Each structure stands twice: as C-alpha cells, then as structure tokens.
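Q:
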Amino acid sequence: MGLSVFNTLSRSVEPFVPLDPEGEKVGLYCCGPTVHDFAHIGNFRTFVFADIVRRYLDFKGFKVRHVMNITDVEDKIIRRVNESNKSLKEYTSKYEEAFFNDLEALGCLMPDDRPHATKFIGPIIELIKKLEERGIAYRTNDGSVYFSIENYRKGGNCYGQLLNLNLDEMRPGERVSSDEYEKESIADFALWKSRVTEDGEVFWNSPWGEGRPGWHIECSAMSMELLGPSFDLHLGGEDLVFPHHEDEIAQSEGACLQCDGQKFVKYWMHGSHLLVEGKKMSKSLGNFFTLRDLLAKGFAGREVRYLMISAHYRETFNFTLDNLGGAKTALGRIDECTSKLRELSAGKIASPDNDSKLVTGFIKAMDDDLNVSAAWAAVFDWVRNTNRQLAAEGIDNNTAAIELANWDQINKVLGIQIAEQKPPSEILALAEERQAARKNKDFARSDQIRDELSAKGWTIEDTPKGPRVKRA
RNA sequence: GGCGGGGUAGCCAAGUGGUAAGGCAGGGCUCUGCAAAAGCUUUAUCGCCGGUUCGAUUCCGGCCCUCGCCUCCA
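When the letters of the first sequence are read in order and numbered with the numbering used here, they come out as residues 15 to 486.
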C-alpha cells in the first residue's frame with residue numbers, strides 16, 4: 015500500500031504516482047504568501063500543510079523539489095507602497111523576512127526554491143506572448159492584455175477543471191466594477207496590466223508597453239520555469255481553487271508547452287481554512303491571529319504547529335486559544351516519554367523497527383490522504399504503551415534505543431520535537447543542594463530552592479528514582 | 001441564485017454496515033515530607049424524520065442548522 019491523495023481534479027482519492035518514470039523525483043509547487051502585511055496563522059495553515067506533504071514524501075523516499083513563490087508585486091502591495099513612500103523592495107522585504115521567520119518558528123523546512131515574481135518578469139512576458147500567438151490572449155486599448163476564455167474553449171480546452179463552473183449562473187460580483195476593465199467577457203482575466211499613475215515606479219517594459227503582470231500568470235510562469243511544463247503536485251488554500259488555480263491551468267495548458275496530452279499539474283491538493291469562532295479567519299473580518307501575537311502570549315511555535323496538524327487538511331478547523339493551551343500539555347507528554355527513553359538508551363543508537371506498531375500505524379494513517387488525526391492516535395497509543403512498560407521497568411537500553419529511532423523517524427515528518435535542552439551545571443547544582451536539604455529534612459530550604467528553580471524556568475520532579483530536572 | 005464542505009462527548013477531532021480512535025478539560029487513583037510534575041484510569045450511541053437491511057452513526061431520500069467558493073484572499 016502506497017500513498018494516496020485527494021486530487022481536486024478528479025474530486026477523489028488517487029494513488030500517488032509521480033510523473034518521473036523512475037518514480038523518484040517529485041515536483042511540488044505551493045502558492046506562497048503575498049508579502050503586503052504580516053501573514054496570519056490561517057495563511058500558515060496552508061504552508062504547514064505543504065510542509066507535511068513535503069516531509070512525508072521525503073519519508074517515503076521521494077526526491078522532492080519544493081517550490082514556494084513569493085508574490086511581491088500585486089495590487090494591494092502597490093497601493094501600500096504608494097502610501098508608505100518606500101520602494102517596492104524596501105516595502106516587501108520587511109514582510110518577507112517576517113514571513114520566513116514565522117515559517118521557521120512553525121518548524122517548516124525551507125522550500126528548495128523561493129522564487130520572486132519580480133525576478134520572473136522575463137518568463138512571464140514570454141508566456142503571455144505564447145498565449146497571444148495562439149490567439150487566446152488579446153490586447154485592449156489601454157495596453158493591457160487579457161486571457162480569452164472563449165477562445166481557449168474553442169481550442170478544445172476545458173475551463174472549469176477544478177470545479178463545476180457555469181459561467182452563466184455566475185453572479186458578476188458586486189465588487190467587480192466592470193468599468194475599470196475593457197475586457198470582452200466578465201470572466202476573462204488580466205495577464206498584463208498597463209501602467210497607471212497610481213502604480214508609481216512599479217512597472218516593467220513589455221511588448222505591450224509599460225505595465226506589470228497579472229496575478230495568476232506569475233504562478234504559471236514561475237512553476238513551469240522551475241519544475242517544467244508538467245509537474246506532480248500543486249498545493250494551495252481552498253480559496254485559490256477559483257479563480258487562481260483554474261486560471262493557472264488555463265494559462266499553462268493554453269500555451270501548449272506540455273508534451274503529448276500531459277497535464278500542467280497531475281495532482282492538485284487544497285487545504286481548508288482555519289476558522290475562528292466558526293468564521294473564516296481573514297484580514298477583512300479582523301478575526302485573525304498572527305504568529306507573533308501568539309508567541310507574545312507565551313505560546314511556542316511548535317504548539318501552533320501541533321494544533322494546525324491535529325486535524326485533517328481538508329477539514330475546516332476551528333482555532334481556539336483553549337485548544338492551543340492543550341497543545342502544550344499534549345506535546346509535553348510526548349517530550350516526557352521520549353526523554354525517559356533517551357535516558358534509558360544511554361546514548362545507544364539503533365535502527366528503527368519498521369514493523370513496530372507505531373511505525374506501521376503511522377504509515378497506514380498517512381498513506382490514506384495524510385490522515386494526521388489517525389497518525390496522532392498511533393503516536394499517543396505508543397506513548398501510553400511505552401509509559402506503561404516504563405512504569406513496569408520493562409524496557410532495556412536496546413529496546414529504548416529502537417523505540418527512540420522509531421519516534422525520531424516519525425518526528426521527521428511531524429516536525430514537532432526539537433532537540434532537548436540539557437540543564438546547565440548551575441541548575442544541576444541547585445537540584446543537588448535541594449536533595450541534600452531534603453535528606454536533612456530541611457524542607458524550608460528545599461522548597462525555597464524549588465521556587466528558585468521555577469523562577470529560572472526549570473521544574474523539578476521527585477520520582478522514586480530521585481529528582482529529575484526539566485524545562486518548565 | 002449556482003457550486004462545494006460540515007453537523008460525532010464540555011471543547012477539538014478520527015472512523016466504521018454489527019453497538020464509536022486520539023488530544024485537551026473534568027472525575028478517581030498512584031507516587032510525594034507537603035506540593036508540583038509525572039503516570040495510570042474514567043467519561044458519547046454519532047443534527048432531525050423516514051427508507052433499505054437481521055442490523056446504520058456509517059447506504060438512500062427529505063428536512064433543519066452551519067461554513068466556504070462564485071470578488072482580493074492561505
């Protein structure tokens with residue numbers, strides 16, 4: 015049994031088979047952030063999801079090339095740049111830096127490629143030219159270029175692969191003021207937007223005059239440039255299904271760069287949204303948390319990560335501070351268990367036992383469209399069983415080493431446990447002093463030391479085998 | 001109006017045609033000088049109404065509620 019994933023194209027779970035004839039290399043593209051502001055944790059749910067996909071593919075032995083773009087030019091950014099009196103680069107780099115810091119705090123591996131839209135203007139222009147040559151892009155009088163869905167369809171292509179589309183039934187949204195566009199059909203979308211005064215200094219030269227790329231074309235150009243005209247996996251948040259991803263397909267397949275009937279993307283995977291009190295977390299509703307908000311409240315990045323990957327990626331998930339508090343306790347149990355195993359293994363290194371209940375349970379769950387909830391159940395069952403054995407003194411150092419190797423393997427996918435912190439000698443000395451005081455029944459002194467340790471961020475635990483010191 | 005998700009214990013959340021994983025919180029217990037920490041243990045009949053079935057939370061039909069997409073959006 016191998017990995018299966020839900021493909022939005024077929025709306026069903028399919029076995030994952032990479033395009034690579036060797037079955038080894040996997041190209042993965044995930045729509046990254048638009049760096050116009052601090053990203054909120056709803057945004058990060060998608061990136062953590064992509065991180066899990068990438069890590070699990072690594073775990074399965076695939077050679078993954080993970081691409082995440084940075085959208086650093088787009089309407090909102092331009093507006094803010096103008097308001098801020100900064101250059102485009104000055105403005106976006108601040109948020110980009112914050113983004114990567116947050117990504118790291120959430121325990122995400124750095125994507126192999128982090129292309130910037132502004133660095134791909136050349137390929138973007140080339141792609142638009144191809145579409146123009148093929149007659150599915152048209153210019154308007156103001157020097158903008160649009161994608162013609164009608165002509166695309168006439169060429170035998172399907173617009174509406176990711177969802178059931180009925181353009182006639184679509185309400186031409188109240189907020190799309192059609193006066194600002196000269197496009198032929200309401201559903202057509204901009205490939206190139208001609209320069210207007212509000213754009214300030216943000217523009218590039220092109221065969222159609224000064225202007226800037228449309229949002230959708232950026233991802234088509236960057237993904238195909240880095241991963242080729244056909245690649246395996248394209249991820250993103252569910253809100254991007256339409257129009258962004260649908261338009262990406264139209265542009266990329268419309269340019270006809272794929273060989274013999276291959277698709278632009280083989281598997282599309284979409285992550286669901288995070289809810290806050292039953293409503294979509296979003297900037298416009300103002301009901302969002304940023305990671306820095308949560309860190310400032312004393313939560314750790316890995317706790318947020320844990321909460322994000324406690325539910326299946328295709329389920330909307332209700333985010334609450336209450337549950338975030340619970341994440342700390344839950345992770346603490348895993349830490350406690352593995353730390354005891356580490357002590358018992360006494361530095362012995364073993365190979366993982368892939369027939370163990372933990373590993374097989376984990377793989378079975380994850381192979382099934384990344385069922386993380388079931389995977390966690392396997393992990394916590396293992397914790398409980400291990401604790402039972404530990405309590406019964408039934409674990410020798412060899413077994414402990416194997417258990418640990420099993421866990422380390424799984425943690426490489428989940429990414430929630432970071433290296434343990436060893437108590438410094440000063441702390442250990444205090445612990446010893448306290449132990450001496452306890453022996454002399456000087457409980458006043460021993461309690462005083464306990465408070466002192468606690469103030470320094472360490473808790474002491476009196477066990478039948480003596481005291482243990484650990485991070486609070 | 002069109003399309004697509006959901007409704008499972010106080011909260012979060014898996015899953016299955018044969019009486020329901022896991023986490024948090026709560027209860028009980030163990031350990032302890034007292035604590036804390038830790039550990040063990042315990043808690044549901046699955047939105048409503050019909051149908052199919054020996055048997056449905058799981059399949060079918062209807063209803064109610066809710067969320068999202070259709071417009072920038074992870």
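The C-beta atom is built at its ideal place from N, Cα and C for all residues, glycine as well.
This structure is a prediction, so every number in the text was calculated from the model and none was measured.
(1) For Ile-138, I'd like the list of residues in its chain whose CB is within less than 7 Å of its CB, leaving aside the five on either flank, ordered along the chain.
(2) Kindly identify the DSSP beta-bridge partner or partners of Asp-43.
(3) Which residues in the same chain have their Cβ closer than 7 Å to the Cβ of Leu-271, if we skip the five residues on either side of it in sequence?
(4) Helix, strand or coil: which one does DSSP assign to Pro-32?
(5) Tell whether a beta-carbon distance below 8 Å holds between Tyr-320 and Leu-384.
(6) What do you reckon, are the CB atoms on Ala-204 and Ser-158 nearer than 8 Å?
(7) Helix, strand or coil for Met-124 per DSSP?
(8) Rounded to a whole number of angstroms, what is the C-alpha to C-alpha distance between Glu-28 and Tyr-281?
(9) Which residues does DSSP pair with Met-283 in a beta bridge?
(10) Between which two residues does the beta strand (DSSP E) carrying Tyr-152 extend?
(11) For Thr-473, I'd like the list of residues in its chain whose CB is within less than 8 Å of its CB, leaving aside the five on either flank, ordered along the chain.
(12) Considering Ala-450, what are the terminal residues of the alpha helix (DSSP H) in which it resides?
(13) Use the C-beta contact count for Cys-273: other C-beta atoms within 10 angstroms, 16 or more gives buried, fewer gives exposed.
(14) If I follow the unbroken beta strand (DSSP E) through Lys-484, where does it start and stop?
(15) How big is the Cα-Cα spacing for Lys-277 and Gly-251?
(16) Spatial neighbours of Phe-333 within its chain, please: CB distance less than 6 Å, with the 5 preceding and 5 following residues excluded, ordered by chain position.
(17) Residues in its own chain within less than 7 Å of Ala-415 by CB, not counting five upstream and five downstream?
(18) Taking Cβ to Cβ, would you say Gly-315 is nearer than 8 Å to Ala-451?
(19) In angstroms with no decimal places, state the Cα-to-Cα distance between Asp-476 and Arg-448.
(20) Note down, one range per segment and in chain order, each alpha helix (DSSP H) of at least 4 residues found wholly within the segment 135 to 176.
(21) Would Gln-501 be called buried (16 or more neighbouring beta carbons within 10 Å of its own) or exposed?
(22) May I ask whether a heavy atom of the ligand ZN can be found less than 7 Å away from the beta carbon of Ile-231?
(23) With H, G and I counted as helix, E and B as strand and the rest as coil, what does DSSP make of Phe-52?
(24) Checking the sheet assignment: what are the DSSP bridge partners for Ser-18?
(25) Do you know whose CA, among Gly-37, Val-31, Ala-64, His-54, lies nearest Ala-283's CA?
(26) Give me, in chain order, the residues of the same chain whose beta-carbon lies closer than 7 Å to that of Tyr-109; leave out the 5 immediate sequence neighbours on both sides.
(27) For Gly-46 versus Met-295, is the C-beta distance shorter than 8 Å?
(28) Can you give, in chain order, each stretch of the alpha helix (DSSP H) that sits fully within the segment 359 to 409 and has at least 4 residues?
(29) Go ahead and label Cys-172 buried or exposed: buried means 16 or more other beta carbons lie within 10 angstroms of its beta carbon, across all protein chains shown.
A: On the basis of the supplied data:
(1) Excluding residues within five positions, the ones whose Cβ falls inside 7 Å are Pro-227, Ile-231, Glu-232, Ala-235.
(2) Strictly speaking, residue 43 in this sequence is Tyr, with Asp absent from that position. In the DSSP output, where bridge partners are listed per residue, Tyr-43 has Val-81, His-248.
(3) Met-238, Pro-243
(4) coil
(5) Cβ atoms of Tyr-320 and Leu-384: not closer than 8 Å.
(6) yes
(7) coil
(8) One C-alpha to the other measures close to 9 Å.
(9) According to DSSP, which records beta bridges pairwise, Met-283 is partnered with Leu-249.
(10) 151 to 153
(11) Leu-467, Val-483, Lys-484, Arg-485, Ala-486
(12) 439 to 453
(13) Answer is exposed; the Cβ neighbour count stays below 16.
(14) 480 to 485
(15) When only Cα atoms are considered, Lys-277 and Gly-251 end up about 21 Å apart.
(16) Here the set comprises Leu-288, Val-290.
(17) Ser-359, Lys-362, Ile-363, Ala-364
(18) no
(19) 11 Å
(20) Listed in chain order, the complete alpha helix (DSSP H) runs (minimum 4 residues) inside the segment 135 to 176 are 135 to 147, 163 to 168.
(21) Given that the chain is displayed from residue 15 to residue 486, the structure contains no residue 501 and the question cannot be resolved.
(22) Looking for the ligand ZN in the displayed structure turns up nothing, as the structure carries no ligands at all.
(23) coil
(24) Under the DSSP definition of a beta bridge, Ser-18 partners with Pro-29, Asp-382.
(25) Checking the sequence, you will find Met at residue 283 rather than Ala. Ranking the options by Cα distance to Met-283, first place goes to Ala-64.
(26) Val-49, His-50, Asp-51, Phe-52
(27) no
(28) 371 to 381, 386 to 405
(29) exposed
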